[in-house]
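**Student:** Right, I'll just put the structure down here and ask away after.
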Amino acid sequence: MKYLDNKKGLSDVIATVLIILLALAAVVIVWSFVSPSLRGTGSQINVQTKCLAMELKPTNCKITSSSEVNVTYQLAGGDKPNKIKFLFEGASGTTDMSSTELIGSDIPDSLETKTKANIAYTGTISKVSLVAVVLGDDGKEYNCNPSPVKIDCTA
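For the sequence shown, the residue numbers in this note's numbering are 85 to 239.
Structure representation (structure tokens):
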């Protein structure tokens, strides 16, 4: 039983095990801070990709009365959005999102042009742009940035 008398070799093993345990504890602590910021990043990237690939633009805007307008619009590229919203811009630069949302058959297929008549608005408008609404991987709806194309509304 001479090997029990050699305690120096045993303490090296214990020291090595403790170092490994400390390293594992450090990894767990770092991961607990990093993982929450990584969650959901994939769905955000997917939404951004859908929005960037989509080319939705107004092609005509006709003011029909003091509170209604007809807008012609086109999906020039990308996947169909879940919804389309109208963003009106006043002469002073103020913007107002219309309560009218296009869904279903009002959303054009690729390279198709459609017109939505009698869209209500308040105040005075000079321009219109479109906002696509896409569905994320998490099932939530996300507004894309307004279309870069703004067209003048004429009477």
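Heads up, the beta-carbon is just placed ideally off N, CA and C, and yes, glycines get one too.
Where do the N-terminal and C-terminal ends of the beta strand (DSSP E) with P142 fall, by residue?
**Tutor:** Where P142 is concerned, the enclosing beta strand (DSSP E) stretches over E139 to I147.
**Student:** By alpha-carbon positions, which one of C237, V212, W115 and T206 ends up nearest to S240?
**Tutor:** As shown, the chain starts at 85 and ends at 239. That puts residue 240 outside it, with no answer to give.
**Student:** Can you round the beta-carbon distance between T199 and V155 to whole angstroms, since I take them to be within the 8 Å contact cut?
**Tutor:** About 7 Å; that satisfies the 8 Å criterion.
**Student:** Work out the CA separation of L108 and S241 for me, nearest whole Å.
**Tutor:** With the chain covering only 85 through 239, there is no way to say anything about residue 241.
**Student:** Is DSSP giving V155 helix, strand or coil here?
**Tutor:** Strand, per DSSP.
**Student:** Excluding the 5 residues preceding and the 5 following I203 in the sequence, name in chain order all residues of the same chain whose CB lies nearer than 8 Å to its CB.
**Tutor:** Cβ neighbours of I203 beyond the five flanking positions: E152, V153, N154, V155, F170, S182 and T184.
**Student:** Indicate whether the contact test is met: 3 or more Cβ pairs, each with one atom in the stretch 159-173 and one in the stretch 134-144, closer than 8 Å.
**Tutor:** Yes, since at least three Cβ pairs between the stretch 159-173 and the stretch 134-144 fall closer than 8 Å, the two stretches touch.
**Student:** G220 and N144 - do their beta-carbons sit closer together than 8 Å?
**Tutor:** Contact flag unset, no.
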